[in-house]
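Peer 1: First the structure, then my questions, so here it is.
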């Protein structure tokens, strides 16, 4: 594979994964490598784009990692999901129980624990949502009586399946709309079209084609409520099509961009503007039905989006001989309607297994030179609220003492390697990149079976190209005095089940977690005890 081909493949995958996770909150930076240093290691072949091994290589020690234990941790997290919707939504009882479980694990491992809580803008879904339509009976279609009224005797109601056919979007408001009410469905084409006549939807329900993109949600939030629309239905015609269900595109959850929502709506989230995503097949059915008949939308959702809700950040810490800080983190929340096996039970399970391994090292080696902290974040899916709040609370200390933070968000590859088992480890400081590259070389020699299966990309990006798309973002961009925190992230591959009801343990590949866990974990071990 040529250098150009490898780079193109790396950038294509990191771009896709970044599009999945993109929130573009305070720093709408594109996730584009600037070519400072890229090392691609694949199936025993080493390709260098930059001379990085010119110095004497330290004698790194690779840590242990048990993928079966990581899987057990992940299964335990998934089991804490909502009894009907399966997710561990931020601010919910399920997220609280998850945080308590993580705290209990850290405590049993011997760490000093702290449960941080933050009240942040959030929403809660208070009952099972209903979405469908009424098809007029004979009299209603003939215009002899009001379509779908009580007098329209043989009218028929059809309802769509929650989670598989329609999904509530982040910060959606409530609606109670029966078949007896007149709210026309207004088809506005595609959300990215120029010159959309948003005003034509005043008093009606918007139907608009889109994909799985928070920016597209933001466009609807900026134009729907302000033009008097009663709500919006976004048809997924672009993301995961034919990947999960043949001939269809499964709806997924996206949060939107909170700052843009309130900026467009007088500083508030509209309480009475509902927003959902529907499957491509549902959009087709709605268009056909409403073009041919005087059908009526039936839509009931009870959502509280008007205030703050508590999210949690549990941490387990081993205090070293200095205040210099090493951290590993992942988000423990999921989107509301998904088990979140990959996003991000995979990352949180990796954090827990790394914490277990480091507890063993501490017991045998003694106090580390640097402090080591393991944290998991709530509120990630709706806007990185947990990590943003925690970083803000500890910003001065982090600016002075943070040595390295490893963020594990979907550090996972599909078990059938649909995307060739690619994993990209990305850092924003050259010396971190150099050490991790060298450790990766040792990993390749010690894990030959894994090495034959997975493609590992070690990248060094400029600070501003790191993106604000996961919990590493606040560590890079939100420290005082323009300090850019040292971070490493891992992007896995595949995971077309992302943010859907199909992100389940049957797609979980615990073996793939070993790659980022051993590489980053070994670097943290080196920084904790062996860095001179």
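Residue numbers (this note's numbering): 883 to 1414.
Ideal Cβ positions, reconstructed from N, Cα and C, are used throughout, including at glycine.
What you are looking at is a predicted structure, and each value in this text was computed from that prediction instead of being measured.
1) Classify residue 1026 as helix, strand or coil using the three-state DSSP reduction.
2) Within 10 angstroms of its Cβ, does residue 1291 collect 16 or more other Cβ (buried), or is it exposed?
3) As a quick exercise: from 1284, 1379, 1265 and 1349, pick the residue whose alpha carbon is nearest that of residue 1294.
4) Would you check if the segment 1216 to 1235 and the segment 954 to 974 touch, i.e. whether three or more CB-CB distances between them fall below 8 Å?
5) If contact is defined by three or more beta carbon pairs under 8 Å, each pair taking one atom from either stretch, is the segment 1131 to 1149 in contact with the segment 1391 to 1411?
6) Quick test of the definition: if touching needs 3 or more C-beta pairs under 8 Å, does the segment 1190 to 1202 touch the segment 981 to 996?
7) Answer with buried or exposed for residue 1256, where buried requires no fewer than 16 other C-beta atoms within 10 angstroms of its C-beta.
8) Rounded to whole angstroms, what's the CA-CA distance from residue 1004 to residue 1412? Just pull it up for me.
9) Suppose you measure from the CA of residue 1369 to the CA of residue 1215; what does that come to, to the nearest Å?
10) Which of helix, strand or coil does DSSP assign to residue 1335?
11) So what does residue 1087 bridge to, in DSSP terms?
12) Could you work out which residue in 1172, 1001 and 1044 is closest to residue 1009 when comparing CA atoms only?
13) When you compare only the Cα positions, how much space is there between residue 1358 and residue 1104?
14) Would you identify the three-state DSSP class for residue 932, choosing helix, strand or coil?
15) Please work out which residues of its chain come closer than 6 Å, Cβ to Cβ, to residue 1013, disregarding the five sequence neighbours upstream and downstream, and give them in chain order.
16) Residues in the same chain with beta-carbon distance under 8 Å from residue 1110, minus the five sequence neighbours each way, listed in chain order, please.
17) Cβ of residue 1305 within 8 Å of Cβ of residue 1338?
18) Comparing alpha-carbon positions, which option in 1405, 1035 and 1299 lies nearest residue 1236?
19) Can you have a look at residue 1363 and say buried or exposed, based on whether 16 or more other CB atoms are within 10 angstroms of its CB?
20) Specify whether the segment 1147 to 1164 and the segment 1090 to 1106 touch according to this definition: at least 3 beta carbon pairs, one from each stretch, less than 8 Å apart.
21) Measuring alpha carbon to alpha carbon, tell me which of 1037, 1006 and 1031 ends up nearest residue 1020.
22) Got a sec? Which residues, its chain only, sit under 8 Å from residue 1318 by beta carbon, not counting five neighbours each side?
23) Alpha carbons only, please: which of 1228, 1381, 1314 and 1070 is nearest the one belonging to residue 1208?
24) Helix, strand or coil, according to DSSP, for residue 1275 in the structure here?
25) Less than 8 Å between the C-beta atoms of residue 1070 and residue 1057, yes or no?
26) Using DSSP with H/G/I as helix, E/B as strand and the rest coil, what is residue 1377?
27) Which runs of the beta strand (DSSP E), 3 residues or longer, sit entirely within the segment 978 to 1011?
28) For residue 1051, which three-state DSSP category applies?
29) Quick one: give me the first and last residue of the beta strand (DSSP E) that residue 1285 is part of.
30) So what does residue 1192 bridge to, in DSSP terms?
31) For residue 1040, count neighbouring C-beta atoms within 10 Å of its own C-beta (all shown protein chains included) and say buried if the count is 16 or more, exposed if not.
32) Whose C-beta lies closer than 7 Å to the C-beta of residue 1190 among residues of the same chain, with five residues either side of it excluded?
33) Out of curiosity, what's the CA-to-CA distance linking residue 944 and residue 1244?
34) Span of the beta strand (DSSP E) holding residue 1259?
35) In whole angstroms, what separates the C-alpha of residue 972 from that of residue 1261?
36) Specify the secondary structure class of residue 1036 as computed by DSSP and reduced to three states.
Peer 2: Walking through what the data contain:
1) coil
2) Counting other Cβ atoms within 10 Å of its Cβ, residue 1291 reaches 16 or more and is therefore classed as buried.
3) For the residues 1284, 1379, 1265 and 1349, the minimum Cα distance to residue 1294 belongs to 1379.
4) Taking 8 Å as the limit for Cβ pairs, the verdict is that the segment 1216 to 1235 does touch the segment 954 to 974.
5) no
6) yes
7) buried
8) Rounded to whole angstroms, residue 1004 and residue 1412 show a C-alpha spacing of 43 Å.
9) 21 Å
10) helix
11) 1067 and 1113
12) 1044
13) 29 Å
14) Model confidence at residue 932 stands at a pLDDT of 42, short of 50, so the residue's coordinates are unreliable and nothing is read from them.
15) 1042, 1048 and 1181
16) Within the same chain, 1081, 1083, 1084 and 1085 come within 8 Å of residue 1110 by CB-CB distance, once the 5 residues on both sides are set aside.
17) yes
18) 1405
19) Under this definition residue 1363 is an exposed residue.
20) yes
21) 1037
22) 1307, 1309, 1340, 1370, 1401, 1402 and 1405
23) 1314
24) helix
25) For residue 1070 and residue 1057, no; Cβs fall outside 8 Å.
26) In this structure, DSSP gives residue 1377 a state outside helix and strand, which the three-state scheme calls coil.
27) 994 to 1007
28) coil
29) 1284 to 1290
30) Beta-bridge analysis with DSSP links residue 1192 to 1001.
31) Counting of Cβ neighbours within 10 angstroms places residue 1040 among the exposed residues, the total staying below 16.
32) 1001, 1002, 1003 and 1004
33) 15 Å
34) 1253 to 1259
35) 5 Å
36) coil
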